[in-house]
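Asks: Below are the structure tokens for one structure; questions will follow.
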Amino acid sequence: MASHAGRAVATEAALAAGAAARRAARAGITSRLTAGWHEAGGPATLREHLQRYGPLPQPGRNRALIDAVTAAGLTGRGGAGFPTGIKMRAVASRRGPAVVVANGMESEPASEKDKALLARAPHLVLDGAVLAASAVGADSVHVCLPRGRRRLAEAVEDAVAERERAGLDPVAIAVRALPHWYVSSEESALVHWLNGGEAKPTAVPPRPYEKGVGQRPTLVDNVETLAHVALIGRYGPAWFRRAGLPDAPGTMLVTVAGAVRAPGVYEIEAGTRVGDILAMSGMAVDAGPVLVGGYFGTWHHAEEVAGVPMAPGPLRAIGASPGTGALFPLPADCCGLAETARVLAWLAGQGAGQCGPCVFGLPAIADDFAQLAAGRPKGPVLDRLDRRLGQVGGRGACRHPDGAVRLARSALSAFAADVRSHLSRRACLAAWRGQPRQGVLPVPRPAGDGEWL
Amino acid sequence: MNPIACTGHGLCADLLPELVGLDEWGYPMLDGAPVPGELMALARRAVRLCPTLALRLEPAAPGAGRRRPAAGSDWRVMP
Ligand SMILES: Cc1cc2nc3c(=O)[nH]c(=O)nc-3n(C[C@H](O)[C@H](O)[C@H](O)COP(=O)(O)O)c2cc1C
Ligand code: SF4
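Below, the structure written as structure tokens:
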């Protein structure tokens, strides 16, 4: 009854918590990617994997898988939510051999799901990459992981070696370790690095599906997306649609942290109400606003978001999106402005240093936010922020600045009362309950080596 | 406009202030609106003279094809 999985410790507590979890478990359709996770200490071996899911369907260069993925209505789980079938078809329709890139970088600090998936079920991801490669006419797969996560890379390399020994795959799989910045996992940055350049986004077009790795048409997909492809290839689109909503089918991995008793990675049906997910992870009754979708996401009051299904359409109606599937209710003793200021400062330092509005605009915005958070504004900080937030969005080569702007805007509205209090009393609402706790949202240390190559 | 190539010379804003504003750091802001006919010559000049070749004129209507920028109203300076 693994209705979910995650950090092993999280599982027991989460199971105990809430009727939502029991309902989901009875339905039995939400342990697709996470089947067996709570028994396994480490990655599933190839044998365990094949026992659990059955043999890999015969891959072949044909459109059947693309049709199945399209009919299943699978959308990308890397943040943007683009329909996977359309992207596969676009790559398949280009001339010449293609390349598949599995994006396992998971730069998003609030998200753990891709690491958890690769660490527990590497073969599911590799199956998906191999099936997708055959379907779009690719003869090679690159699995991109960040350089800092050595153990994870070793686990995936071991899985690849296991498959080679078994002679399973008709395509070559290479595990690649990339420099790790927030933007180095953006798809054009992956392609640029795989082509021998720096892991920085390039001006598009041409997009990777037109001209990517080695100038060949390239399918870049998130590792969770590929794991779903592996299951659609085995069980078909009708099975896939047995979970989720008609316009947001399937299951998805979410990462819940913050003011919850059982933080971790959960597999949910797409369209599960955000409040049910939070209840399932044991959210504290006095939690503050919830950050939905990670650091390119938005803050919302719990009442606003609780009844909204975790799916792109319904979330869009409140200005949110599932993003990377991360949910983070703010603990009551934390200041949302201070937390957002820290994240903005980190994001400002994670850009690729290429585009003026990103290079100058994001640090300026982060600085304004720091003044707000400290209650020490220099000049009319709100007017200045408003102008800057209006100027920076949409003006980078990639969407990094847009994500930061979105986060900043939503913080100003969700923490409007705190903004007033900071500006009028130099103190935060959280400070009424004592010194606010700092540094709750995870912000990694900047990559020490400063490398992009 | 290619934001990676652009280094904020600001020449385009000098040549074409009607269409190009600068942000507080000196980088051009374009609204992507169609270039009026009477500004086409200036727009072409701005594109040609950009020191980093970061600007481009594009047909605004999809399918307007590779016609030379002529009448003006279906062309825009690309953001
Ligand atoms: C700044 C930035 C960072 C990104 N980081 C990731 C990442 O860590 N992992 C990921 O899968 N996609 C990331 N993406 C999205 C990728 O560019 C790409 O859309 C995605 O890998 C496509 O896979 P999907 O269609 O399966 O979601 C990022 C995008 C941007 C703009
Ligand atoms: S917008 Fe920022 S992160 Fe994106 S390419 Fe330009 S400088 Fe790099």
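Those protein sequence lines, which keep their order, are chains A and B. Every position in the first sequence, counted from 1, becomes a number in the working numbering once 1 is added. Every position in the second sequence, counted from 1, becomes a number in the working numbering once 450 is added. The C-beta atom is built at its ideal place from N, Cα and C for all residues, glycine as well.
Please say whether residue 230(A) and residue 275(A) have beta carbons closer to each other than 8 Å?
Replies: The answer is no: Cβ separation not under 8 Å.
Asks: Would you tell me roughly how many angstroms separate the C-alpha atoms of residue 454(A) and residue 355(A), rounded to the nearest one?
Replies: In a straight line, the C-alpha of residue 454(A) is about 15 Å away from that of residue 355(A).
Asks: Just checking: is the beta-carbon of residue 453(B) within a distance shorter than 8 Å of some beta-carbon in chain A?
Replies: Yes, its Cβ sits closer than 8 Å to a Cβ of chain A.
Asks: Please report how far the alpha carbon of residue 370(A) lies from the alpha carbon of residue 183(A), in whole angstroms.
Replies: Roughly 20 Å separates the two Cα atoms.
Asks: By how many angstroms is the C-alpha of residue 116(A) removed from the C-alpha of residue 195(A)?
Replies: When rounded, the distance between both Cα atoms is 21 Å.
Asks: Is residue 351(A) close to chain B, meaning its C-beta is less than 8 Å from at least one C-beta of that chain?
Replies: No, its Cβ sits nowhere closer than 8 Å to a Cβ of chain B.
Asks: Which chain A residues sit within Cβ distance under 7 Å of residue 458(B)?
Replies: What residue 458(B) touches in chain A: 357.
Asks: From the DSSP output, in three-state form, read off residue 361(A) for me.
Replies: If DSSP states are grouped into helix, strand and coil, residue 361(A) belongs with the helices.
Asks: In whole angstroms, what separates the C-alpha of residue 250(A) from that of residue 233(A)?
Replies: Cα-Cα distance, rounded: 12 Å.
Asks: Measuring straight from C-alpha to C-alpha, what distance separates residue 389(A) and residue 362(A)?
Replies: So the two alpha carbons sit approximately 7 Å from each other.
Asks: Hey, could you find the ends of the beta strand (DSSP E) residue 479(B) is sitting in?
Replies: From DSSP, the beta strand (DSSP E) with residue 479(B) extends over 478 to 480.
Asks: Taking beta-carbon pairs under 7 Å, can you tell me which members of the region 468 to 484 of chain B lie near chain A?
Replies: Against chain A - using a Cβ distance shorter than 7 Å - the residues of the region 468 to 484 of chain B are 473, 475, 477 and 479.
Asks: Among 217(A), 198(A) and 86(A), which one has its Cα closest to the Cα of residue 141(A)?
Replies: Comparing Cα-Cα distances from residue 141(A) to each of 217(A), 198(A) and 86(A), the minimum goes to 217(A).
Asks: Check whether the Cβ of residue 394(A) sits closer than 7 Å to any heavy atom of ligand 1, and report yes or no.
Replies: Checking every heavy atom of ligand 1 against the Cβ of residue 394(A), none is found closer than 7 Å.
Asks: Since residue 398(A) meets chain B, which of its residues come closer than 8 Å, beta carbon to beta carbon?
Replies: Under the 8 Å cutoff, chain B gives 452, 453 and 454.
Asks: Of the choices 445(A), 293(A) and 139(A), whose alpha-carbon is the least far from that of residue 407(A)?
Replies: Closest by alpha carbon: 293(A).
Asks: Quick one: what does DSSP say residue 301(A) is sitting in, helix, strand or coil?
Replies: Of the three classes helix, strand and coil, the one that applies to residue 301(A) here is strand, per DSSP.
Asks: Is there at least one non-hydrogen atom of ligand 1 closer than 7 Å to the beta-carbon of residue 143(A)?
Replies: The answer is no for residue 143(A).
Asks: Should the region 249 to 269 of chain A be called in touch with the region 85 to 96 of chain A, which here means at least 3 C-beta pairs below 8 Å?
Replies: Taking 8 Å as the limit for Cβ pairs, the verdict is that the region 85 to 96 of chain A does not touch the region 249 to 269 of chain A.
Asks: Tell me which residues share the same chain as residue 456(A) and place their Cβ nearer than 6 Å to its Cβ, disregarding the 5 neighbours each side in the sequence.
Replies: Given that chain A is displayed from residue 2 to residue 454, the structure contains no residue 456(A) and the question cannot be resolved.
Asks: Counting only Cβ-Cβ distances shorter than 9 Å, please list the residues of the region 192 to 210 of chain A near chain B, keeping chain order.
Replies: Within the region 192 to 210 of chain A, the residues whose Cβ lies closer than 9 Å to some Cβ of chain B are 201, 202, 203 and 204, listed in chain order.
Asks: Run down chain B in chain order and give the residues with a C-beta less than 8 Å from the C-beta of residue 392(A).
Replies: Simply 473, 474 and 479.
Asks: Is the Cβ of residue 361(A) closer than 8 Å to any Cβ of chain B?
Replies: Yes - at least one Cβ of chain B is within 8 Å of the one on residue 361(A).
Asks: One question on the structure: do residue 255(A) and residue 278(A) come within less than 8 Å of each other, judged by their Cβ atoms?
Replies: Taking 8 Å as the Cβ cut-off, residue 255(A) and residue 278(A) qualify as a contacting pair.
Asks: Taking only the alpha-carbon atoms, compute the straight-line gap between residue 338(A) and residue 496(B) and give it to the nearest angstrom.
Replies: Distance between the alpha carbons of residue 338(A) and residue 496(B): 42 Å.
Asks: Would you please state the rounded distance, in angstroms, between the beta carbons of residue 136(A) and residue 222(A)? I believe it to be under 8 Å.
Replies: So it is not a contact: roughly 12 Å between Cβ atoms.
Asks: Okay, do the region 146 to 160 of chain A and the region 321 to 330 of chain A touch, 3+ Cβ pairs below 8 Å being the bar?
Replies: No, the region 146 to 160 of chain A is not in contact with the region 321 to 330 of chain A.
Asks: CB-CB under 7 Å to residue 395(A), same chain, minus the five flanking residues each way: which ones, in chain order?
Replies: So the qualifying residues of the chain are 403.
Asks: Which term fits residue 383(A), buried or exposed, when burial requires 16 or more other beta carbons within 10 angstroms of its beta carbon?
Replies: When all chains shown are included, residue 383(A) counts as exposed.
Asks: Return helix, strand or coil for residue 35(A), following the three-state DSSP convention.
Replies: Correct three-state label for residue 35(A): coil.
Asks: Take residue 315(A) and list the residues in its own chain whose beta-carbon comes closer than 6 Å to its own, dropping the five residues that flank it on each side.
Replies: Answer for residue 315(A): 309, listed in chain order.
Asks: Starting from residue 239(A), trace the alpha helix (DSSP H) in both directions and tell me its first and last residue.
Replies: Looking at the DSSP string, the run of the alpha helix (DSSP H) that includes residue 239(A) is 224 to 241.
Asks: What I want to know is whether the C-beta of residue 106(A) ends up closer than 7 Å to one or more non-hydrogen atoms of ligand 1.
Replies: Yes - ligand 1 has a heavy atom lying nearer than 7 Å to the Cβ of residue 106(A).
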